[in-house]
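Engineer:
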Amino acid sequence: YDWPQYLALDAAMNDFLTWCAQNQTQCGFGDGDPKAAFTQLKADLDANPVQLPSGAFANGFTLAYRLLFNMDEGKVIWPAFGQALHQAQLRDPSSFLLRPPSAASYDQLNPNTVVSCNDRAFPTSMSKLKQHVTASAAVAPLLGAPWAYAPPMYDQNSAPACVQWPVERVSRYSGSYRAAGSAPILVIGTTHDPDTPYQDAVA
Numbered sequence: 119y120d121w122p123q124y125l126a127l128d129a130a131m132n133d134f135l136t137w138c139a140q141n142q143t144q145c146g147f148g149d150g151d152p153k154a155a156f157t158q159l160k161a162d163l164d165a166n167p168v169q170l171p172s173g174a175f176a177n178g179f180t181l182a183y184r185l186l187f188n189m190d191e192g193k194v195i196w197p198a199f200g201q202a203l204h205q206a207q208l209r210d211p212s213s214f215l216l217r218p219p220s221a222a223s224y225d226q227l228n229p230n231t232v233v234s235c236n237d238r239a240f241p242t243s244m245s246k247l248k249q250h251v252t253a254s255a256a257v258a259p260l261l262g263a264p265w266a267y268a269p270p271m272y273d274q275n276s277a278p279a280c281v282q283w284p285v286e287r288v289s290r291y292s293g294s295y296r297a298a299g300s301a302p303i304l305v306i307g308t309t310h311d312p313d314t315p316y317q318d319a320v321a
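Numbering (our numbering), first residue to last: 119 to 321.
(1) Which first and last residues belong to the alpha helix (DSSP H) in which W137 is found?
(2) Would you check if the distance between the CB atom of P312 and the CB atom of L186 is smaller than 8 Å?
(3) Buried or exposed, going by whether 16 or more other CB atoms sit within 10 Å of the CB of K160?
(4) What distance in whole Å lies between the Cβ atoms of L203 and F147, which are believed to be in contact at a cut-off of 8 Å?
(5) Could you pull the DSSP bridge partners for V168 from this structure?
(6) Measure the alpha-carbon distance for N275 versus A297 and round it to whole angstroms.
(7) Which term fits L135, buried or exposed, when burial requires 16 or more other beta carbons within 10 angstroms of its beta carbon?
(8) I306: which of S294, G299, G293 and A321 sits nearest, CA to CA?
(9) What's the C-alpha gap between A176 and Y295?
(10) CA-CA distance, V285 and A198?
(11) Comparing alpha-carbon positions, which option in R287, H310 and A258 lies nearest D120?
(12) If I measure Cβ to Cβ from S234 and keep anything under 6 Å in the same chain, skipping five residues before and after, which residues do I get?
(13) Determine, using beta-carbon pairs with one atom in the stretch 161–180 and one in the stretch 258–274, whether at least three such pairs fall under 8 Å.
(14) Going by other Cβ atoms of all chains shown within 10 Å of its Cβ, with 16 needed for buried, is D273 buried or exposed?
(15) Between L260 and D164, is the Cβ-Cβ spacing less than 8 Å?
(16) What do you get for T231, buried or exposed, if any count of 16 or more other CB atoms within 10 angstroms of its CB means buried?
(17) Rounded to a whole number of angstroms, what is the C-alpha to C-alpha distance between D237 and M189?
(18) By the DSSP assignment, the alpha helix (DSSP H) with T252 in it spans what residues?
(19) Could you check whether D149 and A155 sit closer than 8 Å to each other, using their CB atoms as the reference points?
(20) Starting from P269, trace the alpha helix (DSSP H) both ways and give me its first and last residue.
(21) Alpha carbon to alpha carbon, how far is K322 from A301?
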């Protein structure tokens, strides 16, 4: 399922918020308790989304989406996160964390859902899906809920689409993964990565 993705995403966000609490001058978000401020910001955006100049609205999922795709840059972007989160608190539509997905981004996001549905195992019924989504949101309190209950967009929330998609999987490769006689294979995995959890490389 998506479980490792939720854990990796929340771990990366927790790393940032911990840094922010310890480096308030650089971060500039949260007034000493960035985790509580972030939780409140998500709730405020969901209760009262920010209207953007384009006419679109930014809510808690918009924030979670932008954080995920920008976290890949690593610690170098953390000061910019702090500034953008502060702007979002002020309901400033110029915050880059309030920008919804662009139309062009669906050229990647839609095929990504298709690949996920074909390559991964998901709950087999709507009741199991509900349990899965609820548990995933609970295990990742920082960013789990916005992803779990959002429209299918990326690796973290393919399950709702894949469980309901009445298309038979036809090309999933089930092995063998042995490469007898090959040179040694080096698998490289990154730690603290919200997209590709380190445990996947181990597996």
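Glycine included, C-beta positions come from ideal geometry on N, C-alpha and C. Keep in mind the model is a prediction, meaning the values are calculated, not measured.
Structural biologist: According to the data block:
(1) W121 to Q140
(2) yes
(3) buried
(4) 4 Å
(5) DSSP, once it has assigned bridges, lists A176 as partnering V168.
(6) 32 Å
(7) buried
(8) When each option's Cα is compared against that of I306, the closest is A321.
(9) Roughly 44 Å separates the two Cα atoms.
(10) 42 Å
(11) Ranking R287, H310 and A258 by Cα distance to D120 puts A258 first.
(12) S276
(13) A contact exists between the stretch 161–180 and the stretch 258–274.
(14) buried
(15) no
(16) buried
(17) 25 Å
(18) M244 to V257
(19) yes
(20) DSSP places P269 outside any alpha helix (DSSP H), giving it a letter other than H or E.
(21) No answer is possible for residue 322: it lies beyond the span of the chain, which begins at 119 and ends at 321.
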